[in-house]
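2 protein chains.
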Amino acid sequence: MDVVKEINSRAKRLNVQIMDYLDGQNDSKLMKAVRHYPEAGGKRLRPMLAQVVAEAVGKAGDRALPFACSLEIIHNFTLVHDDVMDNDPVRRGRPAVHVLFDVPTAIIAGDALFARAFEIIADTEVPPQNIKRLIRSTAHTVWLIAEGQQEDMDFENIPAEELAMEDYMSMINKKTAVLFECAAEGGALIAGGTEDQVAAMREYAHLLGMGFQVWDDVLNLTSDEKTMGKPVGNDIRNGKRTLIVLHALHTLDKDDERRRTLLQALGNEKATREEIADAIAALHASGSIDHARALAQDYSRRAKELLDCLPPSEEKEFLAGLMDFAVGRDA
Amino acid sequence: MDVVKEINSRAKRLNVQIMDYLDGQNDSKLMKAVRHYPEAGGKRLRPMLAQVVAEAVGKAGDRALPFACSLEIIHNFTLVHDDVMDNDPVRRGRPAVHVLFDVPTAIIAGDALFARAFEIIADTEVPPQNIKRLIRSTAHTVWLIAEGQQEDMDFENIPAEELAMEDYMSMINKKTAVLFECAAEGGALIAGGTEDQVAAMREYAHLLGMGFQVWDDVLNLTSDEKTMGKPVGNDIRNGKRTLIVLHALHTLDKDDERRRTLLQALGNEKATREEIADAIAALHASGSIDHARALAQDYSRRAKELLDCLPPSEEKEFLAGLMDFAVGRDA
Chain V
61 MDVVKEINSR
71 AKRLNVQIMD
81 YLDGQNDSKL
91 MKAVRHYPEA
101 GGKRLRPMLA
111 QVVAEAVGKA
121 GDRALPFACS
131 LEIIHNFTLV
141 HDDVMDNDPV
151 RRGRPAVHVL
161 FDVPTAIIAG
171 DALFARAFEI
181 IADTEVPPQN
191 IKRLIRSTAH
201 TVWLIAEGQQ
211 EDMDFENIPA
221 EELAMEDYMS
231 MINKKTAVLF
241 ECAAEGGALI
251 AGGTEDQVAA
261 MREYAHLLGM
271 GFQVWDDVLN
281 LTSDEKTMGK
291 PVGNDIRNGK
301 RTLIVLHALH
311 TLDKDDERRR
321 TLLQALGNEK
331 ATREEIADAI
341 AALHASGSID
351 HARALAQDYS
361 RRAKELLDCL
371 PPSEEKEFLA
381 GLMDFAVGRD
391 A
Chain G
61 MDVVKEINSR
71 AKRLNVQIMD
81 YLDGQNDSKL
91 MKAVRHYPEA
101 GGKRLRPMLA
111 QVVAEAVGKA
121 GDRALPFACS
131 LEIIHNFTLV
141 HDDVMDNDPV
151 RRGRPAVHVL
161 FDVPTAIIAG
171 DALFARAFEI
181 IADTEVPPQN
191 IKRLIRSTAH
201 TVWLIAEGQQ
211 EDMDFENIPA
221 EELAMEDYMS
231 MINKKTAVLF
241 ECAAEGGALI
251 AGGTEDQVAA
261 MREYAHLLGM
271 GFQVWDDVLN
281 LTSDEKTMGK
291 PVGNDIRNGK
301 RTLIVLHALH
311 TLDKDDERRR
321 TLLQALGNEK
331 ATREEIADAI
341 AALHASGSID
351 HARALAQDYS
361 RRAKELLDCL
371 PPSEEKEFLA
381 GLMDFAVGRD
391 A
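Structure follows, in structure tokens:
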């Protein structure tokens, strides 16, 4: 199976449905702001996961469609607000909502997307005993995402050396993995899966989300500029405290020269290519890149084992392929 | 029945439950920001309405409690975001969330309150055929509130003379009445009311919400400083385009001296007491204050007729009393 091709073709079909849900009767500023991010595209992994899991668990892919779209809309709502909070002017190569319009409009557009998402969820055909759980789980997920964003901002005031790896992983879990978990759990609930299947799908998605993130960090340091479309080691220049960086800071001795090299390059926008290369060398020397790679591969292995609870299907294969894509892709 | 006393005693009981739902396990900045407005109190009219309607329709006041609290939480979420957007530094005599903390924290706190509200709704015991409708109606209400806030901000760029009364009423409806409607409709749905009862309660709440707003505008121009606790005609000084002001601008001739007097005082922070008094006199002369008063009284009459669909109960009496309080109170 060509996973990338499958992702693209599924995303294309989802796009139509997502934009349908955001097609207002009017062209007001608010509606334009609401549609700005969703229409810019994206991999649509969250709704895809909900649909594929629903299909794999109980051939309920079609029934899961409204719920699936609501997750993409929630994802976009968080992006709109995050960009305001982080003062990020660009998203997917286009001006951020608060730049194209203004901050108040971006705040309202995010709120409106959030509201629309819950309107849509209520359209999902789901076994009656599962409807409240689906709503509760989705709402709680947004609560966790809010906590994660708050932690992310709070962490900026803590020196990298003092940041604990488990705190970082907990933040990353809330900021990215929980929405994947919600997607897979929801898909299984809509399909009327067993408790074991619901739990397994949720855990699979957790590992998928975390794997994606950790692998992303590995790629940023080990791929090449041509493949990635952005400079190698960009994360270091931007001062991103990834698991890899935190691992190195906890591993290398206080007076290790390489530790100093790393800290000097971290967040230094003017760092030269050579200084970035030296910092990456330090991350290799400390075993931090290998550590992250091994962790991601362990996630991948465990996630694929969890798929054993599913009957054979193309969707089951796709879920395995998706995990291989998350951990193993080269760009 | 002493309506004010009844409101206060019901609000007191609701407060305990509302704060219970916002009692985090931790004292993080986010949790403090989340609790800041709800703990400052308020009349709790929205949850009260949901509970009282549920009790009056089908003795389901207790069952309606989670839904009721979720509406107060939604109301507070909109206040947190509105204050950021309008740059209002004070709320209920305390610093606004974005002032006490910062804008990013206020944005997240609002999002978190919104999320918590939907977590709580899912705890409501409601007839199975009504649960999706309850969720959809509540989510759609938030969408409308977002539209209303956007319109409110857009209207600021339109000169008062060019603002149509129906556009203003539509905006006010979205900003305030729809959440009352949602409360009453939800209460009736939770109680398993008939379609007629659901529709009547929704319309009652619409008239209650609109009546509250219009009467507020009347009071601001006709009460006295001692009773209100703020200067008479403050709305004029603040440039508020109330129904009364818009009515006068549509009624008075373009070359009427009183029209000019009104426009000169409107939004003029330095307007003297005398200039404000002259503007109020103009609003009397144009019949605009009488028009608003008559409109509010008509709302009240129609709302009380709608209560005929309810069996006799103390709660039914309270709903009538609430309408008399909304339209007729003197402060």
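Protein chains in written order, with our numbering: chain V, 61 to 391; chain G, 61 to 391. Think of the CB as a built atom: it goes at the ideal place given N, C-alpha and C, for glycine as much as any other residue.
Buried/exposed call for residue i, threshold 16 Cβ in 10 Å
| i | result |
| --- | --- |
| H310 (chain G) | exposed |
| R154 (chain V) | exposed |
| T332 (chain G) | exposed |
| Q209 (chain G) | buried |
| M383 (chain G) | buried |
| A237 (chain G) | buried |
| I218 (chain V) | exposed |
| T287 (chain G) | exposed |
| Q111 (chain V) | buried |
| G121 (chain G) | buried |
| M145 (chain G) | buried |
| Q273 (chain V) | buried |
| K290 (chain V) | exposed |
| N136 (chain V) | buried |
| K314 (chain V) | exposed |
| N86 (chain G) | exposed |
| K65 (chain G) | exposed |
Where residue i sits in the DSSP three-state scheme
| i | result |
| --- | --- |
| P188 (chain G) | helix |
| V387 (chain V) | coil |
| R151 (chain V) | strand |
| P98 (chain V) | helix |
| L249 (chain G) | helix |
| M61 (chain V) | coil |
| R123 (chain G) | coil |
| R104 (chain V) | coil |
| P164 (chain G) | helix |
| G347 (chain G) | coil |
| N86 (chain G) | coil |
| L109 (chain V) | helix |
| S373 (chain G) | coil |
| A177 (chain V) | helix |
| D183 (chain V) | coil |
| A156 (chain V) | coil |
Of the residues the options, the one placed nearest residue i, counting alpha carbons only
| i | options | result |
| --- | --- | --- |
| D214 (chain G) | V:D162, V:K286, V:K314, V:T332 | V:D162 |
| D124 (chain G) | G:E285, G:M288, G:G253 | Before going further, note that residue 124 (chain G) is Ala rather than Asp in the sequence given. Minimum Cα distance to A124 (chain G) is reached at G:G253. |
| A166 (chain V) | G:S197, G:H351, G:A206, G:V94 | G:A206 |
| E99 (chain V) | V:I67, V:V112, V:A156 | V:A156 |
| S69 (chain G) | G:V387, G:M108, G:H200, G:L82 | G:M108 |
| G118 (chain V) | V:A248, V:P149, V:W203 | V:A248 |
| A386 (chain G) | G:E377, G:S230, G:A356, G:V140 | G:A356 |
| N294 (chain V) | V:V63, V:N280, V:D316 | V:N280 |
| A71 (chain V) | V:H96, V:G101, V:S88 | V:G101 |
| R151 (chain G) | G:T198, G:W275, G:Y97 | G:Y97 |
| A116 (chain V) | V:G388, V:D390, V:L379 | V:L379 |
| A224 (chain G) | G:L303, G:A175, G:H158 | G:L303 |
| R193 (chain V) | G:I336, G:A391, G:T184 | G:T184 |
| H344 (chain G) | G:H307, G:H141, G:G327, G:K330 | G:H307 |
| F127 (chain G) | G:T138, G:V113, G:V140, G:L139 | G:V113 |
| M270 (chain G) | G:K235, G:A169, G:V186 | G:K235 |
| W275 (chain G) | G:A354, G:A93, G:E317, G:E222 | G:A354 |
| R104 (chain V) | V:G170, V:G381, V:S130 | V:S130 |
| L74 (chain V) | V:K92, V:D62, V:I133, V:M61 | V:I133 |
| H141 (chain V) | G:E377, G:A172, G:F178, G:S197 | G:A172 |
| R176 (chain V) | V:T282, V:A251, V:V94 | V:V94 |
| R446 (chain V) | V:Y359, V:E335, V:A251 | There is simply no residue 446 (chain V) to check, as chain V begins at 61 and stops at 391 in what is shown. |
Chain-ordered chain B contacts of residue i [CB-CB under 7 Å]
| i | result |
| --- | --- |
| E179 (chain V) | Looking at the structure shown, chain B is missing, and the protein chains on hand are V and G. |
Check: residue i C-beta below 7 Å from any heavy atom of the ligand COA
| i | result |
| --- | --- |
| N298 (chain V) | Absence of the ligand COA from the depicted structure is noted, as is the absence of any ligand whatsoever, leaving it without description. |
Task: Ordered list of alpha helix (DSSP H) runs contained in the stretch 277-335 of chain G, each at least 4 residues - done: Correct list: 285-288, 294-297, 303-311, 317-325.
TODO: Mind the definition here: the stretch 339-346 of chain V touches the stretch 241-257 of chain V only if three or more C-beta pairs lie below 8 Å; say whether that holds.
DONE: Between the stretch 339-346 of chain V and the stretch 241-257 of chain V there are fewer than three inter-stretch CB-CB distances shorter than 8 Å, so the stretches are not counted as touching.
Open item on the list: Three Cβ pairs or more, each shorter than 8 Å: is that satisfied between the stretch 257-265 of chain V and the stretch 298-305 of chain V?
Closed with: No contact exists between the stretch 257-265 of chain V and the stretch 298-305 of chain V.
- [ ] With a floor of 4 residues, list each alpha helix (DSSP H) that falls wholly inside the stretch 197-258 of chain V, ordered by position along the chain.
- [x] Runs found: 225-232, 238-250.
TODO: Count the C-beta pairs between the stretch 359-369 of chain G and the stretch 262-270 of chain G that are closer than 8 Å, then say yes if the count reaches three, no if not.
DONE: Yes, since at least three Cβ pairs between the stretch 359-369 of chain G and the stretch 262-270 of chain G fall closer than 8 Å, the two stretches touch.
Open item on the list: For the stretch 195-206 of chain V against the stretch 217-231 of chain V, do three or more pairs of beta-carbon atoms, one drawn from each stretch, fall closer than 8 Å, so that the two count as touching?
Closed with: Cβ pair count under 8 Å is below three, so no.
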